Structures are given as structure tokens and as C-alpha cells.
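> Here the protein sequences line up with chains A and B, keeping their order. Letter by letter, the first sequence follows residues 1 to 352 in our numbering. Letter by letter, the second sequence follows residues 353 to 704 in our numbering. For glycine and all other residues, C-beta sits at the position ideal for the given N, C-alpha and C. Predicted, not measured: the structure shown is a model, and the values here were computed from it. Structure provided below as C-alpha cells; questions to follow.
There are 2 protein chains.
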Amino acid sequence: MSQTAESTGPRRAPTMADVAQLAGVSHQTVSRVLSNHPNVRDTTRAEVQRAIETLGYRRNSSARALVTRRTLTLGVVACNPALFGPASTLFGLEEAARGEGYMVSTVTLRRYTAQALADAIDHLSDWGVEGIVVIVPQREAVAALAELRLPFPVVTVEGGHGLPIPGVSVDQELGGRLVTDHLLAAGHTTVWHVAGPQDWLEAGARVAGWRGALEDAGAEAPPPLEGDWTPLSGYRAGQELAGRVSSGAAGRRSPEVSAVFVANDQMALGVLRAFREAGLSVPGQVAIAGFDDIPEAEFFAPPLTTVRQDFAAVGKASIRLLIDQLESGATREGERVVIEPRLIVRSSSTQH
Amino acid sequence: MSQTAESTGPRRAPTMADVAQLAGVSHQTVSRVLSNHPNVRDTTRAEVQRAIETLGYRRNSSARALVTRRTLTLGVVACNPALFGPASTLFGLEEAARGEGYMVSTVTLRRYTAQALADAIDHLSDWGVEGIVVIVPQREAVAALAELRLPFPVVTVEGGHGLPIPGVSVDQELGGRLVTDHLLAAGHTTVWHVAGPQDWLEAGARVAGWRGALEDAGAEAPPPLEGDWTPLSGYRAGQELAGRVSSGAAGRRSPEVSAVFVANDQMALGVLRAFREAGLSVPGQVAIAGFDDIPEAEFFAPPLTTVRQDFAAVGKASIRLLIDQLESGATREGERVVIEPRLIVRSSSTQH
DNA sequence: TGCGTCATTGTTAGCGCTCACAGACACACC
DNA sequence: GGTGTGTCTGTGAGCGCTAACAATGACGCA
Numbered sequence: 001m002s003q004t005a006e007s008t009g010p011r012r013a014p015t016m017a018d019v020a021q022l023a024g025v026s027h028q029t030v031s032r033v034l035s036n037h038p039n040v041r042d043t044t045r046a047e048v049q050r051a052i053e054t055l056g057y058r059r060n061s062s063a064r065a066l067v068t069r070r071t072l073t074l075g076v077v078a079c080n081p082a083l084f085g086p087a088s089t090l091f092g093l094e095e096a097a098r099g100e101g102y103m104v105s106t107v108t109l110r111r112y113t114a115q116a117l118a119d120a121i122d123h124l125s126d127w128g129v130e131g132i133v134v135i136v137p138q139r140e141a142v143a144a145l146a147e148l149r150l151p152f153p154v155v156t157v158e159g160g161h162g163l164p165i166p167g168v169s170v171d172q173e174l175g176g177r178l179v180t181d182h183l184l185a186a187g188h189t190t191v192w193h194v195a196g197p198q199d200w201l202e203a204g205a206r207v208a209g210w211r212g213a214l215e216d217a218g219a220e221a222p223p224p225l226e227g228d229w230t231p232l233s234g235y236r237a238g239q240e241l242a243g244r245v246s247s248g249a250a251g252r253r254s255p256e257v258s259a260v261f262v263a264n265d266q267m268a269l270g271v272l273r274a275f276r277e278a279g280l281s282v283p284g285q286v287a288i289a290g291f292d293d294i295p296e297a298e299f300f301a302p303p304l305t306t307v308r309q310d311f312a313a314v315g316k317a318s319i320r321l322l323i324d325q326l327e328s329g330a331t332r333e334g335e336r337v338v339i340e341p342r343l344i345v346r347s348s349s350t351q352h
Numbered sequence: 353m354s355q356t357a358e359s360t361g362p363r364r365a366p367t368m369a370d371v372a373q374l375a376g377v378s379h380q381t382v383s384r385v386l387s388n389h390p391n392v393r394d395t396t397r398a399e400v401q402r403a404i405e406t407l408g409y410r411r412n413s414s415a416r417a418l419v420t421r422r423t424l425t426l427g428v429v430a431c432n433p434a435l436f437g438p439a440s441t442l443f444g445l446e447e448a449a450r451g452e453g454y455m456v457s458t459v460t461l462r463r464y465t466a467q468a469l470a471d472a473i474d475h476l477s478d479w480g481v482e483g484i485v486v487i488v489p490q491r492e493a494v495a496a497l498a499e500l501r502l503p504f505p506v507v508t509v510e511g512g513h514g515l516p517i518p519g520v521s522v523d524q525e526l527g528g529r530l531v532t533d534h535l536l537a538a539g540h541t542t543v544w545h546v547a548g549p550q551d552w553l554e555a556g557a558r559v560a561g562w563r564g565a566l567e568d569a570g571a572e573a574p575p576p577l578e579g580d581w582t583p584l585s586g587y588r589a590g591q592e593l594a595g596r597v598s599s600g601a602a603g604r605r606s607p608e609v610s611a612v613f614v615a616n617d618q619m620a621l622g623v624l625r626a627f628r629e630a631g632l633s634v635p636g637q638v639a640i641a642g643f644d645d646i647p648e649a650e651f652f653a654p655p656l657t658t659v660r661q662d663f664a665a666v667g668k669a670s671i672r673l674l675i676d677q678l679e680s681g682a683t684r685e686g687e688r689v690v691i692e693p694r695l696i697v698r699s700s701s702t703q704h
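See the structure below:
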């Protein structure tokens, strides 16, 4: 049954010549109709269109790519695609690319290593992508990328500055500043920080923003804790911080814990749980702020003050940057698009 | 500077003929080396390999696809790719496909409509995908899909039964049962339900599991509330439920609210917030369970009992099903792979 | 010596399309 | 009538590869 499903046998997909024959024109005329060339008589065009519909003809993309030397395909390498940020960026990327007439092929990395990155790019190259966007925010990744000397344009997302590879990023340092300033303005003498993994550029930039804001305010910077973006690591950091709240500043020569800036919302969730278990009230005894504004943040206990990043804009800008290079043929050495984040104040940081 | 970066001008990528010439063989021998044909003398093979490395040659995928009639590309249509489930599935899908030597091209839908789905598939067809996986769990989507009669195999994820399109799904009904049974076993006389949008098959199946478990236990089924998967909708449903807890069953002729099964974790988060604001203790006064086991669930206040789905397995199985069809040429009419979910018990449903 | 067999290599055609160019025809102008 | 200047259409080549077949030489065996 399975073999005889299509009654006339394994019929080949119709070709341009088939359409031409049915419409009584040359294959070239069919091609012209398909590419909207102006110099085709209306009646001819209609005839060809009808033949196309009758046969259900579709242009063979491989043949077309072979002769035009354009695959109209872009590659994306992403690292933690189940996280909110990367997933949203991926989405924005794909949408923007499709709008520009390109297809997106994705390769995801379970964990970043220089080898995995190289393999991913190799895989994409094999399929003839015209350029790639790399969403691998580890510090060394960008360096590894710069050494690869690829035969097509590359754009990084959150790839950091100072490299010849163009990229798009959110101003993470500004985000760190916004949060810290906000907490200082609420009257806290200083702000503690639970940082992301320091091989991530974003994590480093958020630390820098936090530290900068403290310095500008003349506040002492307590030693930052470090997590790995997961709620669990935030939970552990939160337990550590909770211990310091109760034991007071004297024992450790550190300032009192009354405000914490956590480098992402998931870790902030862990911190909240740790504080809850320690019997600390938020924001009563400690104010907390996160980063990312995941959809859940508004419904945390209490709702979380955080920083919103416009991932869709990041995706769109990366594609723009990539396609610009494709079409101009010039590489935008070191060009960077920076997107501003926005502080979202909720009750985790404000005495109601 | 940008134009003169490559000193010898815009050199074409090397072709098989270039490699052949450098190695002193015919292009066909190069082709044989590349496709690991056994009948090539070792010395010849080595010579060709060296020429390939010297020139940095890569096979032109378009030319290859043109003659072999195989693009080795699979398409994926996904609907809410920033949600945890779809994103994880996407990830598993891509990884499995790459392992099998295929490339994955993705199209994401902002919102499901029959038109958007058709457009997405059109877009993928234009790029010559050999088959597609559709992760669009709305009820009508599958029907629309069945009517499209596509010239390549299709596999659905969470696409429901009774259609000629093969697919992979998690046993959502079983999941609903597991949760409900668990809550009943804890001594609750009945279990309320905050359902997902009823045009989603998964939402319907979870309702069915919930209702089935109640019936089997001889418990009365209260009218289910309906949300849209977002924390906000869960919050609203939670407010409604909280009102019933305080006013008691008498006013509405409904059983008392002492246990709630929420159709996903995000909505459960909203319910938790509503209950917290209403001064209800969880699980003291009301037990709550969710569905999905998002990474955050363990850190909710309180940690959430939920159902874990193995999305990676779903992705892997879909790709297997698709590639099997590709290689056998036969469509697996109505074949379904069902993956079992697992109950994760945490403190939101248990008196400590 | 003659012939078949096998491993190794080369030759040729053609996948389905676009590009460059060449025709055909209509119309205007001198 | 000749010569442009359009508009519309067809012809031929070739993109880079693989598949089918042909050719070559080495070897074994009668």
C-alpha cells in the first residue's frame, strides 16, 4: 500500500522544461516569469502561471544555487538554546532572516569548547551557508572565532569588543549600573552581587557595571559571589548571603547585606528561596534585583525587579549586520551595534 | 582596506577540477576519495587528500544536491519557541538530525494560523527540505496539515492521534492522571484544574487525564478553569480559586478547593502568587501541582510538584521517524511514538 | 599465448537552472 | 526604404558535481 500510494508511480518533480512545454514557451520565459522580469507579455505570463499551478511546479533550489552562487541560507550557532535569552534571540534572528528572504540553519552546542564551535561551523560550511551568527557568549569563543579566518562573514551576539568580528550586544554594563543605582537610590549603603560565570562576557560586563556604580557612589564593593546561571547556584549563593545577614558584618569585615543584585533572574529565584528558608523577608530585610526579565519574573515571590533586554531587536540587528556584509562584500571590521536595556522595577526592591 | 583584504582579489572557491589538477588525477578520482570509495589506491588517496588540504577545498553542496537529488536538509516548524518545551524539543531535534548527517532549518510562528503554517511550510519547501517536523500543538493545525498533501514526509510533535500523519508525543493524559492520583492519594476529596487553552491538544489531554482519574476515584469533577499558559492567566485563575476557598463551597455548589492541578508550571507560578496574596498557605491550605518541570519549578515558593517530560527524547524520536520514512520511501501512516512522563513530587503538594 | 577477472582510473553525459546573447517583430524617424 | 530603438522571446553554454560506462594494466589460469 505504501508504495502504490501515488497511483502513477514515483513521478519526478516537474521541471522548468515541463512548465515551458505545457505553456508553449521556452524555459527561459518561465524563468523570467518566476523572477518577475518586466519584459514578459501579460498573456504569456498568465499562461506560464497557469502551467505552474497545474503542475504544482517549484523551482529547484539546488540548481538555482549552483548557478547563482547564492544559497540564501544563513547559519546560526547557539549555545544554551533552552535558556530564555538565547531562545528568544534565535527566534528574532529567524524571523528577521525570513523577512529578508533567507533561510536559517541552526546548530546548537550542548557545552562550549573550541572544538565544538569549530565542528559546528564546519557543519554549517558543508551546507553552504553564506554567513553565520554566533551566539556563544563565552569569552574564549570569540577569540577562537577570530582565529578561524572563515571564508564568509560572521557576526557575534554578545561577543564583546576589541575584535575584528562585528557584533551586536546589549549594554550589559549599563544594565548593571541601572540596577545598582536603583538599589543605592533606595538608601542601601552598598549592593552585593551574585555574578554569572566569569568566562561569560555578559557576566563580566554586569560585574563591571555594578562595580562602576558603587565606585561612582563612593560605596564599598563587597566581594561578588559567583553562580552558573542556574537557580540552584543562586540558591547556594543565597544561603551564603543569608548567613552573613544574620551573623552581621562584624565577623567577616564585610558590609551588611541589605541589597543584592543577582546576575540573572533564574539565580535570583534561587536566592529568593534561600532567603525565604532563612526567614528573611524580601524586600523588608533585603532588597533583590535580577536580570533578563523572564516571563516568570513578575510572578516570583515577591515580583522581581530586573533588567529587560530586547532580544528580538538583537536578533534583527544581527541579521541586518550580516546581510549588509553579504551584500556589500565588505567586512564591517569591529563594528558593533549596542542595544540599551531597561530597568523594570517591581516589589522585590521597594518597600511598598 | 576591506576590498583588498584578500591580496589576490575575489578568488573563486576551489573546485573539484582544481584539486584534481593539483593532485594529477581526474576529478572523478577526487570524488571517489571524498565519498570514501574503496577502489582508490592508497598513494592516490593520500595525494588527493593533500591537494584538498592545500587548497582548502570543500565540496559544493548545491552541485552535489542537484545531481543526487538529496539536500540532506530537514525543516522544522515551531510555534512558541521561547517556551521551555518547544525550545528543548527544538534542541533535541537539531542534535539528533546532525547526528544522522542532516541539517535542520527552522521556521518559527509567532502565532498559529492555518495561513501562517502554510506559509512556513512553503518557505521550507522553497529551500528543498526533504521532510519536516511540525511542532504546532494546536488542534486545527494537524487537520490543516493533513489537508496539505505535501510531497515529502511530515512528522508531528504533540499532534494527536487519528490522523494519517505520524508523530511523537508525550502521554499527556497519563501525566494528568499521575498528578491527580497523587493529589487524591494525599487525602483531598477532589482536585481542581486550571487547564491550558483548549485548542491545544496537550491541554485537552491533560484535562482528560485529570477527569479520568477523578472518575475512577469516584470524586466529583469541579468545573475546570482555563488559562493561556502564561503566568498572568494562572494568576487570574488563582484569584478566582482563592475566592472560592474563602467563601466556601456552599455559595457556588462546588466542592471545596483544597488541591489544584495546574496545566503548566508557568501558570502554577501565577496561581501561587494569587494564593500568597490571598493569604492562603501552600500546601497547608491548598496543595498545588504543575506540569513541565521547568528548571525554575524546584525553586518556586514552595517548590512545585510537577510532571517532567523528556523533550530530548521527543526530538530524537521525531527525527528517527522522519528519517526512517525518508530512507524507506514509505509513509508511516498514523504511526505514533509515545513517551511516558514522570511525576516529580515536591513540597507544594505535600504536608512536610 | 590467449582469455577472463579484478582493481584502478578516466571520459562523458546530464542534474535544473540562470546568464549572455541573438533573433524577431513593431514602431518611429530621417 | 533604411536605420535606429524598443519590447518580447528563444538558443546555447555552463555552474560543480555524481553516475554510468569505458579503458587500462596486472594477474591467474588453461
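Apply the 10 Å Cβ neighbour rule to A:ALA185 and answer buried if 16 or more other Cβ atoms are within range, or exposed otherwise.
So A:ALA185 ends up on the exposed side.
> Since B:HIS475 meets chain A, which of its residues come closer than 9 Å, beta carbon to beta carbon?
Under the 9 Å cutoff, chain A gives ARG98, MET103.
> Using 8 Å as the threshold, is the region 140 to 158 of chain A in touch with the region 168 to 176 of chain A, meaning 3 or more CB pairs across them?
The answer is yes - the region 168 to 176 of chain A touches the region 140 to 158 of chain A, with three or more Cβ pairs under 8 Å.
> With 16 as the cutoff for other CB atoms within 10 Å, does B:ASP644 come out buried or exposed?
Buried, because 16 or more other Cβ atoms sit within 10 Å of the Cβ of B:ASP644.
> Within 8 Å (strictly less), CB to CB, does B:GLY686 reach chain A?
For B:GLY686, the answer is no, since every Cβ of chain A falls outside 8 Å of its Cβ.
> Rounded to the nearest angstrom, what separates A:GLU226 and A:VAL262 at their Cα positions?
One C-alpha to the other measures close to 10 Å.
> Taking the beta carbon of A:GLN37 as the centre, do at least 16 other beta carbons fall within 10 Å, making it buried, or is it exposed?
The identity of residue 37 of chain A in the sequence shown is His, whereas the question assumes Gln. So A:HIS37 ends up on the exposed side.
> Per DSSP, what kind of secondary structure is B:ALA560 in: helix, strand or coil?
Helix.
> In terms of residue numbering, what span does the alpha helix (DSSP H) encompassing A:HIS161 cover?
Careful: A:HIS161 lies outside any alpha helix (DSSP H) and carries neither H nor E.
> Please classify A:SER347: does DSSP put it in a helix, a strand, or coil?
If DSSP states are grouped into helix, strand and coil, A:SER347 belongs with the helices.
> Below 7 Å on C-beta distance, what does A:GLU296 contact in chain B?
Neighbours of A:GLU296 on chain B, chain order: PRO583, GLN618, LEU621, GLU648.
> Tell me the DSSP secondary structure of B:ILE404 in three-state form.
DSSP places B:ILE404 in helix when its eight states are reduced to three.
> In its own chain, which residues sit with a C-beta less than 6 Å from the C-beta of B:ALA669, not counting the 5 before and 5 after it?
Within the same chain, B:ALA669 has close Cβ partners VAL520, VAL689.
> Report yes if the C-beta distance between B:ALA653 and A:ARG276 is below 8 Å; otherwise report no.
Closer than 8 Å, so yes.
> Take the Cβ of A:VAL67 as the centre, count every other Cβ of all protein chains shown within 10 Å, and call the residue buried at 16 or more, exposed below.
Classification of A:VAL67: exposed, given that the 10 Å Cβ count is below 16.
> Select from B:ARG364, B:GLY451, B:VAL459, B:GLN637 the residue whose C-alpha is nearest the C-alpha of B:ALA472.
Closest by alpha carbon: B:VAL459.
> Would B:ALA415 pass as a contact of B:THR423 if the rule is Cβ separation under 8 Å?
No, they are not a contact pair.
> Give the residues of chain A in contact with B:LEU442, contact being defined as C-beta atoms less than 9 Å apart.
In chain order: PRO81, ALA82, ALA87, LEU90, THR106, THR108.
> Under the three-state reduction of DSSP, which class applies to B:GLY595: helix, strand or coil?
Helix at B:GLY595.
> Going along the chain, which residues of the region 392 to 417 of chain B sit with their C-beta nearer than 9 Å to a C-beta in chain A?
Within the region 392 to 417 of chain B, the residues whose Cβ lies closer than 9 Å to some Cβ of chain A are GLY408, ARG410, ARG411, ASN412, SER413, SER414, ALA415, ARG416, ALA417, listed in chain order.
> By the criterion of Cβ-Cβ separation under 7 Å, what are the contact partners of B:PHE651 in chain A?
By Cβ distance, chain A contributes PRO231, TYR235, LEU269, GLY270, ARG273.
> Taking 8 Å as the threshold, find out whether the region 478 to 498 of chain B comes into contact with the region 424 to 442 of chain B through three or more Cβ pairs.
A contact exists between the region 478 to 498 of chain B and the region 424 to 442 of chain B.
> What does the Cβ neighbour count give for B:ALA369, buried or exposed, with the cut at 16 atoms within 10 Å?
Flag for B:ALA369 reads exposed.
> Should B:ASN432 be labelled buried (16 or more other beta-carbon atoms within 10 Å of its own) or exposed?
Result: buried.
> On the CB-based measure, 16 or more other CB atoms within 10 Å of its CB, does A:ASN39 come out buried or exposed?
A:ASN39 is exposed by the Cβ-count criterion.
> CB-CB under 7 Å to A:HIS188, same chain, minus the five flanking residues each way: which ones, in chain order?
If we look at A:HIS188 and ignore the five residues flanking it on each side, its Cβ neighbours are SER258, ALA259, ALA287.
> If you measure from the beta carbon of B:GLU608 to each beta carbon in chain A, is any gap under 8 Å?
No, because no Cβ of chain A sits closer than 8 Å to the Cβ of B:GLU608.
> Between A:ASP126 and chain B, is there a C-beta pair that is closer than 8 Å?
With 8 Å as the cut-off, A:ASP126 counts as an interface residue toward chain B.
> Look at A:GLU130 and A:THR73 and say whether their C-beta atoms are less than 8 Å apart.
In contact: A:GLU130 and A:THR73 (Cβ atoms closer than 8 Å).
> Distance, Cα to Cα, B:ASN616 vs B:GLN661?
Rounded to the nearest angstrom, the two C-alpha atoms are 11 Å apart.
> Considering only C-alpha positions, which residue in the set B:ARG364, B:PRO576, B:VAL623 is nearest to A:ARG69?
The shortest Cα separation from A:ARG69 among B:ARG364, B:PRO576, B:VAL623 belongs to B:ARG364.
> List the residues of chain A whose Cβ lies closer than 8 Å to the Cβ of B:ARG628, in chain order.
Result: ALA301.
> Could you check how far apart the C-beta atoms of A:VAL355 and A:ARG45 are, in whole angstroms? I think they sit under 8 Å.
In the structure as shown, chain A starts at 1 and stops at 352, and residue 355 of chain A therefore has no counterpart that could be examined.
> Please report whether the beta-carbon of A:THR71 lies at a distance below 8 Å from any beta-carbon of chain B.
At least one chain B Cβ lies under 8 Å of A:THR71.
> Going by the DSSP bridge assignment, what does B:GLY519 pair with across the sheet?
B:GLY519 pairs with B:THR508, B:ARG688.
> DSSP on B:GLU608, reduced to helix/strand/coil?
Three-state result, B:GLU608: coil.
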